[in-house]
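Take a look at the structure set out below.
In the numbering used here, the protein residues as written are 12 to 213.
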């Protein structure tokens, strides 16, 4: 499970469409382009698919810059990572100099990968670095979304080993390296997570 409470600033790239759900209540869908700066290579444009309750689509016009708040989740298919935003708040007039970006906090549940490294920064302070993945079942296969975690602390819990299941919270970091999107998290809270066995719906 990866869920992020975020603020997103970008440009509307797909016009708003109002539909009615199964319950008869209206909802609005649209897309926005967000440029993510690259650490190496060329910046990458991310398409964020947006959905919000209600039928107030006025002002959500292709080419307009907007700022949104909501809950961001990810879908992995093949090597592509898709961004889906459940919108809770819309600002049609963001500050003119505001840059594209996705900022906020991540909640993560998943399994730790092989390497857990304690390193030292240029200032001599220790930090812990490791990667972990969240698994999701799509049709008959599991897909894995990886997140790189950094925690600025000399502490390392005994249970924090390869294949341990964790629950983490912290600052979301989205970066691009060689045209590849990477998810990261600057850890604020880290706990062991007791994963329940997977039972498919009957």
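Where a beta carbon is used, it is the ideal one built from N, C-alpha and C, also for glycine. Remember, predicted model here, so these are calculated numbers, not experimental data.
Nearest-angstrom Cα separation, counted from residue j out to residue i
i: residue 81; j: residue 126; result: 33 angstroms
i: residue 60; j: residue 72; result: 15 angstroms
i: residue 161; j: residue 33; result: 42 angstroms
i: residue 176; j: residue 69; result: 44 angstroms
i: residue 114; j: residue 151; result: 33 angstroms
i: residue 25; j: residue 155; result: 28 angstroms
i: residue 74; j: residue 97; result: 21 angstroms
i: residue 28; j: residue 90; result: 28 angstroms
i: residue 202; j: residue 129; result: 18 angstroms
i: residue 108; j: residue 67; result: 26 angstroms
i: residue 104; j: residue 41; result: 17 angstroms
i: residue 171; j: residue 165; result: 13 angstroms
i: residue 76; j: residue 205; result: 42 angstroms
One or two residues paired with residue i in a DSSP bridge
i: residue 17; result: 81 and 115
i: residue 43; result: 23 and 59
i: residue 28; result: 40
i: residue 88; result: 91
i: residue 129; result: 139
i: residue 72; result: The partner list for residue 72 (beta bridge, DSSP) is empty, contrary to what the question assumes.
i: residue 123; result: 143
Residue j beta carbon less than 7 angstroms from that of residue i
i: residue 6; j: residue 36; result: Outside the displayed span of the chain (12 to 213) sits residue 6, for which this structure offers no information.
i: residue 47; j: residue 55; result: yes
i: residue 13; j: residue 94; result: no
i: residue 163; j: residue 141; result: no
i: residue 117; j: residue 20; result: no
i: residue 87; j: residue 186; result: no
i: residue 133; j: residue 178; result: no
i: residue 57; j: residue 79; result: no
i: residue 52; j: residue 189; result: yes
i: residue 83; j: residue 158; result: no
i: residue 173; j: residue 106; result: no
N-terminal and C-terminal residue of the beta strand (DSSP E) that residue i is part of
i: residue 58; result: 55 to 64
i: residue 100; result: 91 to 102
i: residue 192; result: 191 to 203
i: residue 180; result: 176 to 188
i: residue 170; result: It is not in any beta strand (DSSP E) - residue 170 carries neither H nor E in the DSSP assignment.
i: residue 161; result: 152 to 162
i: residue 143; result: 137 to 149
i: residue 49; result: 49 to 51
Q) Taking one C-beta from the segment 182 to 191 and one from the segment 141 to 150 each time, how about it: are there three or more such pairs within less than 8 angstroms? A) no
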